[in-house]
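Be aware that the sequence shown starts at 449, since it is given in my numbering, and climbs by one per residue.
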Amino acid sequence: MKSNLFRRIAAATCLLCLVFVTGLLAEEIEVTLDESLVYYGDPLYFSSPAVLNIETVFQEIAEYRRILEEDINTQDPEYWYLLDQANKKFIERVEIVAGENAYDLVCGTIEYTDGREVPDITELVVKELD
Numbered sequence: 449m450k451s452n453l454f455r456r457i458a459a460a461t462c463l464l465c466l467v468f469v470t471g472l473l474a475e476e477i478e479v480t481l482d483e484s485l486v487y488y489g490d491p492l493y494f495s496s497p498a499v500l501n502i503e504t505v506f507q508e509i510a511e512y513r514r515i516l517e518e519d520i521n522t523q524d525p526e527y528w529y530l531l532d533q534a535n536k537k538f539i540e541r542v543e544i545v546a547g548e549n550a551y552d553l554v555c556g557t558i559e560y561t562d563g564r565e566v567p568d569i570t571e572l573v574v575k576e577l578d
């Protein structure tokens, strides 16, 4: 008798979970984005996106500024070393800001099709460089 009741409760609980999960999956976020400009997260599975201007951020990274100021070209091995260091700083800072602010997708351009605003975290990432 007790095991039959337990099975019914377990079955009802599973059914409620299935209804809940199905409801979550049905709530799709419709956006337009350029997948080549995704800096953090998975463009297929996200719920809290943000945008940033990569040019603004890179202008604040010392290694990248050095490349520009000293006109170091791609034939110089130092160019690739400095660019690698700049990229690492960029990625680290984007991950920190995204994690602290619960963004699961950061990219260069993204727009909700219903017109909602997407937060711009450019300044937060720049501040994290200090």
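Using N, Cα and C, we set each Cβ at its ideal position, and we do this for glycine too.
Among the residues of its own chain, which have a CB less than 6 Å from the CB of residue i, if the five just before and after it don't count?
i      : result
Val499 : Ile558, Val566 and Asp568
Tyr560 : Val479
Are the C-beta of residue i and some C-beta of chain C separated by less than 8 Å?
i      : result
Glu508 : No chain C appears in the structure shown, which is made up of a single protein chain.
Assuming residue i and residue j are in contact, meaning their beta carbons sit under 8 Å apart, how far apart are those beta carbons, in whole angstroms?
i      : j      : result
Glu511 : Ala534 : 4 Å
Glu508 : Leu577 : 5 Å
Tyr487 : Val554 : 5 Å
Reducing DSSP to helix, strand and coil, say where residue i ends up.
i      : result
Asp578 : coil
Ile502 : helix
Val566 : coil
Short of 8 Å in beta carbon distance, which residues of its chain neighbour residue i, apart from the five on each side in sequence? Order them along the chain.
i      : result
Arg513 : Gln507
Leu562 : It should be noted that the sequence gives Asp, not Leu, for residue 562. Contacts found: Glu478.
May I ask which residues mark the beginning and end of the alpha helix (DSSP H) holding residue i?
i      : result
Tyr529 : Pro525 to Glu548
Excluding five sequence neighbours on each side, which residues of the same chain lie with their C-beta closer than 7 Å to the C-beta of residue i?
i      : result
Val505 : Phe538, Thr570, Val573 and Val574
Please state whether the Cβ-Cβ distance between residue i and residue j is less than 8 Å.
i      : j      : result
Ile515 : Leu530 : yes
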